[in-house]
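**Q** In this note's numbering, the protein residues as written are 28 to 140. One structure coming up, written as structure tokens, with questions to follow.
Encoded structure:
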């Protein structure tokens, strides 16, 4: 039961981050999400298809541990993420996070088709 609550929280955090980054496309993405019957399962399905690094970066930035049952953790700053993945700048981690979110959104749009 607790694991499913953590998964729902993680799905909410992922969708919230994606909506924030969508900008003017947010209403269209939100409308698409409204048409998905099992949204949490769809988000988790797309999440599981990501690579290890992408899952870890999303988890670090959005405050959950994807490798230990999605338990809540502290939010990591971009510099901490950069250090963990041997990047030189926090901006590199920021760009990586934004790229992962864009790919995640595209996968969400394709997942329901």
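Glycine included, C-beta positions come from ideal geometry on N, C-alpha and C.
Using the C-alpha atoms, what's the distance from residue 126 back to residue 59?
**A** Approximately 20 Å between the Cα atoms of the pair.
**Q** Could you please give the first and the last residue of the uninterrupted alpha helix (DSSP H) stretch that includes residue 67?
**A** Where residue 67 is concerned, the enclosing alpha helix (DSSP H) stretches over 66-76.
**Q** Helix, strand or coil: how does DSSP classify residue 91 here?
**A** Residue state, collapsed to three classes: strand.
**Q** Do the segment 72-88 and the segment 116-132 make contact, defined as three or more Cβ pairs closer than 8 Å?
**A** Yes, they touch.
**Q** Determine the closest residue to residue 93 out of 79, 42, 120 and 138, with distance taken between C-alpha atoms.
**A** Here the closest residue by C-alpha is 79.
**Q** For residue 45, tell me which candidate among 73, 128, 67 and 69 has the shortest Cα-Cα distance.
**A** Here the closest residue by C-alpha is 128.
**Q** If you check the beta carbons only, do residue 73 and residue 134 fall under 7 Å apart?
**A** Taking 7 Å as the Cβ cut-off, residue 73 and residue 134 qualify as a contacting pair.
**Q** Please classify residue 102 as buried or exposed, where buried requires at least 16 neighbouring CB atoms within 10 angstroms.
**A** The residue is exposed, with fewer than 16 neighbouring Cβ atoms inside 10 Å.
**Q** With H, G and I counted as helix, E and B as strand and the rest as coil, what does DSSP make of residue 98?
**A** In this structure, residue 98 counts as strand in the three-state DSSP scheme.
**Q** For the putative contact between residue 99 and residue 91, defined by C-beta atoms under 8 Å, what is the C-beta separation to the nearest angstrom?
**A** At roughly 6 Å, the Cβ-Cβ gap stays under 8 Å, so residue 99 and residue 91 are in contact.
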